[in-house]
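A short worksheet on the structure shown next.
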Amino acid sequence: MKKLLKYLSLVIVLILILATILGHTKFGNYYPENQFMVNTIKVKKEFLNYYQRGAGKDILFIHGTPGTILDWKPLMHALDNEYRVTAFDRPGHGVSTDNEYYYTLEENAEATLLLIEKLKLNNPLIVGHSYGGSIATYLAANNLIDSAKYVIIDAPLYNTHIDFIYHLLNLPIIGEGIAFLANYTIASSFIEHGVSKTIETATEDELKEIIAERKRLWLQPKVLLSRAKELINLQSSLDEMIPKYASITAPITLLTGKGKYRTLAADSERFHKEVPNSKLKVYKNCAHYVQIDRFNEVLMEILGILNSPNS
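Residues 705 to 1015, numbered by our numbering, are exactly what the sequence shown covers, in order.
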């Protein structure tokens, strides 16, 4: 029995060493150079995949963690006849690179500002979901964009919960090996379970399609690592932002939901009480992906902001 345990331990160690080596080679990740029909823009050391279509007032969409441009596809298609819509894969997500990415809100905010500058977006309406909403809040709390307006969709604004697996993925050196192993073993079922708890109103067939789309781009070691490191770093960024909330002057619309699945409605409600220039909408029977569960309502909110006299 002792010999068997010894051999098993050795096998596990060898597998982890091999996985760590493969993880450091970036095997299993998608990058712009090996993708067809991808638009990229260089922001510092990263090449970011982006989508832009239409003409008129600018709208910039920022996805969560994990997330991709796909999170905004229905909204962008509904808006691109009258407006210029832009979305991008943040560093470490989708087919964007993670060359020198340090996984903080500050770095994401800086990348967003550089993207706005390089794509010559003119005073865009900024729409952020989940972690992307936290990035938008960082921009507002630090007054980094003059005359900006924000739509923040079910974002963590005060506290964040971190599962044990993300602490493992954050371990030095072997974290990449664990991400590589997880990507080819447990990650697929994690995505299925996770996504199914973030959308309440989709039919079974719609949910299957949404999950399949997410799996295609989320099943990458770099995405697992990015999510883990972003979540690990998030609380310190939130703690730094919270004292600034009361002084935010930019107009902010908060969209969240309540239903049978967990959302971040409590954060939106607390934020709304602390930020005078904010508006709050809480939708019933709505989960974390508010832009999917309440597509028409979210679209109307965005159009209302764009068509307001001060827009």
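Yeah, the Cβ is synthetic: ideal placement off N, Cα and C, and Gly gets one too.
Can you name the residues that DSSP bridges to Asn981?
Answer is none; Asn981 lacks a bridge partner.
Mark Tyr888 as exposed unless 16 or more other C-beta atoms lie within 10 angstroms of its C-beta, in which case mark it buried.
Burial call: exposed.
Where do the ends of the beta strand (DSSP E) carrying Lys962 lie?
That run of the beta strand (DSSP E) goes 956-962.
For His992, which option in Ser800, Phe792, Thr905 has the closest C-alpha, if you only look at C-alpha atoms?
Comparing Cα positions, the closest option is Thr905.
Helix, strand or coil for Ala999 per DSSP?
Looking at the sequence provided, one finds Phe at residue 999 rather than Ala. Reduced to three states, the DSSP call for Phe999 is helix.
Give me whichever residues DSSP pairs with Asn743 in a beta bridge.
Tyr754, per the DSSP bridge assignment.
Can the beta-carbon of Lys912 be found closer than 8 Å to that of Gly796?
In this structure, Gly796 does not lie closer than 8 Å to Lys912 by Cβ.
Could you check which residue in Asp802, Ser982, Glu786, Cys990 has the C-alpha nearest to that of Lys749?
With distances taken between Cα atoms, Lys749 lies closest to Asp802.
Is Val789 closer than 8 Å to Gly837 when the C-beta atoms are compared?
Result no, Cβ atoms of Gly837 and Val789 do not sit closer than 8 Å.
Tell me whether Ile766 sits in a helix, a strand or coil according to DSSP, three-state version.
Strand at Ile766.
Which partner residues does Lys853 have in the DSSP bridge list?
Paired residue(s): Leu829.
Where does Lys988 fall in DSSP's three states?
Three-state result, Lys988: strand.
CB Leu968 to CB Pro860, shorter than 8 Å?
Closer than 8 Å, so yes.
So, with DSSP's three-state summary, where would you put Thr790?
In the structure shown, Thr790 sits in a strand (DSSP, three-state: E or B).
Alpha carbon to alpha carbon, how far is Ala815 from Ala844? Give it in angstroms, no decimals.
The alpha-carbon atoms of Ala844 and Ala815 are separated by roughly 15 Å.
Glu1005 and Thr957 - do their beta-carbons sit closer together than 8 Å?
Yes, the Cβ-Cβ distance between Thr957 and Glu1005 is below 8 Å.
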